[in-house]
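Visitor:
Given below as structure tokens:
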């Protein structure tokens with residue numbers, strides 16, 4: 022394992038929950054791409070805005 | 002909109018109100034992820050270390066500076082046996098002994114680690130015994146005490162686990178939730194460049210894809226307001242394109258369609274493809290190699306999900322400018 026790979030692995034270890042969240046987001050986006058990726062762009066935007074709203078909501082309630 | 006890596010003012014952001022704000026339960030099962038998971042994962046600040054202002058150029062340079070003892074002399078063995086504050090790092094089967102930097106907490110090792118690494122230090126690679134250079138001999142004559150063996154002062158070692166942990170803390174955003182809220186539009190814009198590229202993967206030949214990926218990176222230089230994040234996406238996209246081109250080249254080679262000269266690997270073929278298409282109107286071979294080098298580093302950091310690129314701070318950029326050949 023190179024130093025850079027070790028650094029990347031360490032970053033992934035810092036917060037597994039965040040990585041899980043990103044994984045869910047990525048899966049949703051990748052699934053939406055399907056055969057015609059360009060048509061997925063509005064969905065990606067919608068998903069990211071959903072994430073933003075969820076995080077904003079969390080900040081307000083914290 | 003400018004990306005705000007380490008000095009974001011998330012508290013001042015007033016995002017447009019959304020229906021979600023009126024219904025907290027709407028996001029309880031967002032994307033199948035419970036809201037409490039979002040709550041727990043949002044803040045990375047506890048992981049963030051502000052104790053070091055080192056760039057990664059400096060961190061990697063530190064790999065080059067520690068002396069290597071090619072054969073443990075009596076003084077070193079005595080120090081190790083006494084558990085002295087000596088840091089020993091194993092690189093394969095090569096033992097290395099260095100003095101920790103007092104000002105850097107990243108260099109601290111607990112006694113158990115010291116003992117374990119000291120035991121490892123006895124596995125000396127005999128190959129290095131035969132590689133003593135005139136440089137090391139001259140340094141030995143001026144700095145090494147009498148009775149010590151030849152010392153290499155420019156040998157490379159890996160960072161220790163402690164140093165890796167310390168460095169990784171400087172790689173990440175202090176508050177990922179604030180960063181995401183502030184920069185979600187840029188993340189979206191960067192991300193959609195990939196689906197667009199993905200569409201081209203199915204409709205474009207690998208050769209055209211390579212040329213387009215290099216050109217995209219080159220064109221970013223002329224765009225106003227291009228952010229670091231978009232460049233990171235572009236670098237990773239380049240590596241995706243190269244991987245596709247490599248697969249095609251490999252397939253071609255296996256079927257012996259294209260004769261290949263010795264020393265011409267898949268990356269060389271990819272670069273030749275670009276140069277053949279652009280001639281002298283495009284990037285030079287050195288520039289292409291540099292793009293590939295940086296792209297490979299971003300690709301490693303982006304795993305397993307592309308959006309990971311948004312986690313990294315501006316300081317992570319310094320990794321990309323460290324040449325492995327220095």
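Chains as they are written, first to last, in this note's numbering: chain A, 22 to 83; chain B, 2 to 327.
Cβ atoms here follow ideal geometry from the backbone N, Cα and C, with glycine treated the same way.
Can you tell me whether residue 255 of chain B is buried or exposed? The criterion is at least 16 other CB atoms within 10 Å of its CB, across all chains shown.
Guide: Under this definition residue 255 of chain B is an exposed residue.
Visitor: Residue 184 of chain B: buried (16+ other C-beta within 10 angstroms of its C-beta) or exposed?
Guide: Label assigned to residue 184 of chain B: buried.
Visitor: Going by the beta-carbon positions, is the gap between residue 237 of chain B and residue 299 of chain B smaller than 7 Å?
Guide: Yes, these two residues count as a Cβ contact at 7 Å.
Visitor: Can you list, in chain order, the stretches of the alpha helix (DSSP H) that have 4 or more residues and sit fully within the stretch 229-261 of chain B?
Guide: Correct list: 229-255.
Visitor: Hey, does residue 181 of chain B have any beta-carbon neighbour from chain A nearer than 7 Å?
Guide: True, the Cβ-Cβ gap to chain A drops below 7 Å.
Visitor: Would a check of beta-carbon distances place residue 294 of chain B closer than 7 Å to chain A?
Guide: Output row for residue 294 of chain B: interface = no.
Visitor: Please classify residue 48 of chain A as buried or exposed, where buried requires at least 16 neighbouring CB atoms within 10 angstroms.
Guide: Exposed, because fewer than 16 other Cβ atoms sit within 10 Å of the Cβ of residue 48 of chain A.
Visitor: Is it a yes or a no for the stretch 213-222 of chain B touching the stretch 231-250 of chain B, going by three-plus beta-carbon pairs under 8 Å?
Guide: A contact exists between the stretch 213-222 of chain B and the stretch 231-250 of chain B.
Visitor: How long is the line joining the alpha carbons of residue 207 of chain B and residue 242 of chain B, rounded to whole angstroms?
Guide: Cα to Cα, the separation comes out at about 7 Å.
Visitor: Taking the alpha carbon of residue 191 of chain B as the point to measure from, which residue in A:42, A:31 and A:65 has its own alpha carbon closest?
Guide: Looking at the Cα atoms, A:65 is the closest of the given residues.
Visitor: In the DSSP assignment, find the unbroken alpha helix (DSSP H) run with residue 211 of chain B in it and report its ends.
Guide: Note, residue 211 of chain B: alpha helix (DSSP H), 207-220.
Visitor: Residue 240 of chain B and residue 296 of chain B look like a contact to me (Cβ under 8 Å); what is the Cβ gap, rounded to whole Å?
Guide: The pair is a contact, with the Cβ atoms about 5 Å apart (cut-off 8 Å).
Visitor: Could you check whether the Cβ of residue 67 of chain A sits closer than 7 Å to any Cβ belonging to chain B?
Guide: For residue 67 of chain A, the answer is no, since every Cβ of chain B falls outside 7 Å of its Cβ.
Visitor: Quick one: using the 10 Å Cβ neighbour count with 16 as the cut-off for buried, is residue 119 of chain A buried or exposed?
Guide: Not covered by the structure: residue 119 of chain A. The range shown for chain A is 22 to 83.
Visitor: Closest Cβ-Cβ distance between residue 306 of chain B and chain A: below 7 Å?
Guide: Closer than 7 Å to some Cβ of chain A, the Cβ of residue 306 of chain B qualifies, so yes.
Visitor: Compute the distance between the beta-carbons of residue 312 of chain B and residue 173 of chain B, then report whether it is under 7 Å.
Guide: Result yes, Cβ atoms of residue 312 of chain B and residue 173 of chain B sit closer than 7 Å.
Visitor: When you measure from the CB of residue 281 of chain B to every non-hydrogen atom of the ligand FMN, does any distance come out below 6 Å?
Guide: Of the ligands one can find in the structure shown there are none, so the ligand FMN has no counterpart to examine.
Visitor: In the DSSP assignment, find the unbroken alpha helix (DSSP H) run with residue 33 of chain A in it and report its ends.
Guide: First-last of the alpha helix (DSSP H) with residue 33 of chain A: 24-35.
Visitor: Using beta-carbon positions only, say whether residue 31 of chain A and residue 165 of chain B come within less than 7 Å of one another.
Guide: Yes. Within cutoff.
Visitor: Note down the Cα distance separating residue 250 of chain B from residue 75 of chain A, rounded to an integer number of angstroms.
Guide: Going by the C-alpha atoms only, they are around 45 Å apart.
Visitor: In the DSSP assignment, find the unbroken alpha helix (DSSP H) run with residue 313 of chain B in it and report its ends.
Guide: From DSSP, residue 313 of chain B is part of no alpha helix (DSSP H); its letter is neither H nor E.
Visitor: Identify every residue that forms a DSSP beta bridge with residue 272 of chain B.
Guide: The partner list for residue 272 of chain B (beta bridge, DSSP) is empty, contrary to what the question assumes.
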